[in-house]
Each structure stands twice: as structure tokens, then as C-alpha cells.
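Using the working numbering, read the sequence shown as starting at 889 and increasing by one per residue.
Quick reminder that beta carbons are idealized off the backbone N, C-alpha and C, glycines included.
It should be emphasised that the depicted structure is a prediction, and the values quoted were computed from it without experimental measurement.
Written below as C-alpha cells is the structure these notes are about.
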Amino acid sequence: MKIRKAVIAAAGHGTRMLPATKALPKEMMPVVDKPAIQYIVEELVEAGIEDILIITGRGKRAIEDHFDHNVELREALAKRDDRSMLATLERIEALADIHYLRQRELLGTGHAVLKARSHVGDEPFAVLFGDDLVVSETPCIGQLMGRYSELRAPILAVKEVARERVGSYGVVRTESVNGARLVKGLVEKPDPARAPSNLACLGRYIFEPDVFDFLNRIPPADSGEYQLTDAIQLMVQSRAVYACAVEGDWHTVGDLLSYLQTTVSFALTHPDIGESFREYVKGTCQALSSGRKNSPGD
889 MKIRKAVIAA AGHGTRMLPA TKALPKEMMP VVDKPAIQYI VEELVEAGIE
939 DILIITGRGK RAIEDHFDHN VELREALAKR DDRSMLATLE RIEALADIHY
989 LRQRELLGTG HAVLKARSHV GDEPFAVLFG DDLVVSETPC IGQLMGRYSE
1039 LRAPILAVKE VARERVGSYG VVRTESVNGA RLVKGLVEKP DPARAPSNLA
1089 CLGRYIFEPD VFDFLNRIPP ADSGEYQLTD AIQLMVQSRA VYACAVEGDW
1139 HTVGDLLSYL QTTVSFALTH PDIGESFREY VKGTCQALSS GRKNSPGD
């Protein structure tokens, strides 16, 4: 069955990005000239997803407004004869069939995905987290969809990370079966010395509807939240789940340092400002190495 639907989990408070996220959802933080969540929606559209459900929470109305029609803004741009920006707005508003569902209680990623049950129905579907961006020739979620068409089983996107960094991620233990990585276990933020591998989960998944049964069976964690990783851990004990090492550059925007690193990376390759920004960064680095201050005119 073709995967037509996707769920984006975007209900979190974004506390690691405060105070910037006090009134602005972290998913709406700009990465150069687009909010982070637009890159995710564009990835889904490029992969052929037709139906997107965004799980939001309190204070996330800006996400809905961004993808909605803005009559006043259109009129203002029309008066200025800004056809280029009008075309950009029209493209954003027509990206996909986007739905919204509020997670009234922030009870974890598992609870957020469970709320999508009635919308998803009996179809396989994609799940994406709102603070992971992947730059790749083939859309990251499209790579998983391709593997799903071969394996017909849940797929987790994974990426190799430095061994000393595995303590920041969920790490999978896999076994090679007929050229595929069968998931045998999932360890959350392991001690690097005891980690089963250096394959870290990033925020991309393909699930079948039975994931909701596993989500209904997991107990809350010590924090009181229901975690998606706990449901996956339960799932691998009773059915095949695979890991797909995806190609591309993985960026995150969930904390301040990662956000700044991601913004710089995207700015360096931006088609309009990339070359000028590279010159600015080069000048800044030279100024720092020489001990002098750099200015925009340098």
C-alpha cells in the first residue's frame, strides 16, 4: 500500500530555546528565510505525501497561520507588484492538504502519535519530529518509503554518529538479515562505553497501524510522559522492525547551539546569499584569528 499520510509531532514547549520560544513555536524559528517546519513539509511533499497531520499544542497557532491563506498580505504585495513573493506565498499555501490536531496535555511523543489514530486509519504512515532537518538528494522520508515498499514493516531512520556522542540519542542494536538491518533493541542515551552501536535514531519513521496497539500498552516514563521509543522497544519483541541508514546531512534545531549551526550551514548553501555569506564568514574567521573585530563592511 502506498504511503499517503504523515504525522508531524510539533507540540513541545521548546524549553531549550527559551526565551525565543516563549511566544514563537520552535518549529517556526527561521532557518535563514523559512521556518524550520516548512523544510519538513517540503520534504514530505517532494516524497509524494498527500496528507499531513501536524500535532500542535498551546501557543502553536503560528504554524497554522503560516500555511494558511493571508488575504491582507496578498493584497499588500499585489499593490507593490511583488510578483515573486506572491508566487512564493501561493506555493507555501498550496504545498499539501494539511490538518491540525491539538495535544492538550503534553504527555510525550508516544501520546502525540497516538492522537493521530483516527486520522491515519488502517494505512501505513510516516512520522516526523519538528526539530530534525535532513538535507539530501532523495528526501529522507522518501528513502524510508522506498525501503518500506521492499520490507513491508516499520522502518526507523538512523544515522552514524561519533561514538562519544551516542549518549545524546536513542541508539539501535541491529542484526543483519538478508541485507537489511533488523532492529533487536533500542537504548535511550546509552553510556558510550556500553552503547550497542553508533547508529542514532533521527526523527523519521514509517509505521503500520499496529503501532497504536503498542502505544496503548506502554506505561508512562518516570517523567509521566509516554515515549514513542518505549512503544518501539515493545514492538521489536513481537514483530520485525528495520533500521534504514539514510543518506544526507542531519541537522537539528532543538537547542540554541544546534539551531545556530544549522542556520549557518543552510545560509552557506543558500542560492541567493550563500556566496556573500561565505565571504562574510571567511572575513570573520580571519578577523578572529588576527585578534581584530570584523564589521559588515569588511
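Under the three-state reduction of DSSP, which class applies to residue i: helix, strand or coil?
{"i": "E993", "result": "coil"}
{"i": "T944", "result": "strand"}
{"i": "K922", "result": "strand"}
{"i": "R1082", "result": "coil"}
{"i": "D1020", "result": "strand"}
{"i": "G936", "result": "coil"}
{"i": "A964", "result": "helix"}
{"i": "V1152", "result": "helix"}
{"i": "R1061", "result": "strand"}
{"i": "K910", "result": "coil"}
{"i": "V1124", "result": "coil"}
{"i": "A897", "result": "strand"}
{"i": "I891", "result": "coil"}
{"i": "D985", "result": "strand"}
{"i": "E1052", "result": "helix"}
{"i": "T1157", "result": "coil"}
{"i": "M905", "result": "helix"}
{"i": "D1143", "result": "coil"}
{"i": "M916", "result": "helix"}
{"i": "A1109", "result": "coil"}
{"i": "E930", "result": "helix"}
Check whether the Cβ atoms of residue i and residue j sit closer than 9 angstroms, and answer yes or no.
{"i": "S895", "j": "A1045", "result": "The residue you asked about is not Ser; residue 895 is Val in the sequence shown. Not closer than 9 angstroms, so no."}
{"i": "R1092", "j": "G1073", "result": "no"}
{"i": "Y1147", "j": "T1157", "result": "no"}
{"i": "H936", "j": "L994", "result": "Position check: residue 936 holds Gly in this sequence, whereas His was assumed. No, these two residues do not count as a Cβ contact at 9 angstroms."}
{"i": "T997", "j": "A897", "result": "yes"}
{"i": "V929", "j": "L977", "result": "no"}
{"i": "V1022", "j": "V1134", "result": "yes"}
{"i": "I943", "j": "R990", "result": "yes"}
{"i": "T1151", "j": "V920", "result": "yes"}
{"i": "A1081", "j": "V1075", "result": "no"}
{"i": "C1028", "j": "R1069", "result": "no"}
{"i": "A1119", "j": "L1144", "result": "no"}
{"i": "E1096", "j": "P1012", "result": "yes"}
{"i": "E938", "j": "R892", "result": "yes"}
{"i": "F1165", "j": "A1155", "result": "yes"}
{"i": "Y927", "j": "P1042", "result": "no"}
{"i": "K1077", "j": "G1055", "result": "yes"}
{"i": "V1099", "j": "V1001", "result": "yes"}
{"i": "R1040", "j": "A1088", "result": "no"}
{"i": "L941", "j": "H999", "result": "no"}
{"i": "E1162", "j": "S1024", "result": "Residue identity differs from the one stated: residue 1162 is Gly in this sequence, not Glu. Contact: no."}
{"i": "D1019", "j": "G1142", "result": "yes"}
What span of residues does the beta strand (DSSP E) with residue i cover, start to end?
{"i": "K1072", "result": "A1068 to E1076"}
{"i": "D1137", "result": "D1137 to T1140"}
{"i": "E1011", "result": "Here E1011 belongs to no beta strand (DSSP E), and DSSP marks it neither H nor E."}
{"i": "E1048", "result": "I1043 to E1048"}
Name the two residues that bound the continuous alpha helix (DSSP H) containing residue i.
{"i": "D1101", "result": "V1099 to R1105"}
{"i": "G1162", "result": "G1162 to S1178"}
{"i": "A1131", "result": "Counting along the chain, A1131 falls outside any alpha helix (DSSP H), though it belongs to the beta strand (DSSP E) covering Y1130 to A1133."}
{"i": "R1005", "result": "R1005 to V1008"}
{"i": "Y1057", "result": "Segment: none, Y1057 is in no alpha helix (DSSP H) and carries neither H nor E."}
{"i": "I1094", "result": "Here I1094 belongs to no alpha helix (DSSP H); instead the beta strand (DSSP E) covers L1087 to F1095."}
{"i": "I951", "result": "R949 to F955"}
{"i": "I1029", "result": "C1028 to L1039"}
{"i": "L974", "result": "R971 to E981"}
Spell out whether any CB of chain C is found under 9 angstroms from the CB atom of residue i.
{"i": "V929", "result": "Looking for chain C here will not work: only one protein chain is present."}
| request: Report yes or no: do three or more beta-carbon pairs, one from the stretch 904-911 and one from the stretch 954-964, lie closer than 8 angstroms? | output: no
| request: Check whether the stretch 1080-1096 touches the stretch 1020-1038, counting contact only when three or more Cβ pairs, one atom from each stretch, lie closer than 8 angstroms. | output: yes
| request: Tell me, please, whether the stretch 907-924 touches the stretch 997-1016 by the rule of three or more beta-carbon pairs shorter than 8 angstroms. | output: no
| task | Evaluate contact between the stretch 1053-1060 and the stretch 1094-1108, counting only Cβ atoms and requiring at least three cross-stretch pairs below 8 angstroms. | result | no
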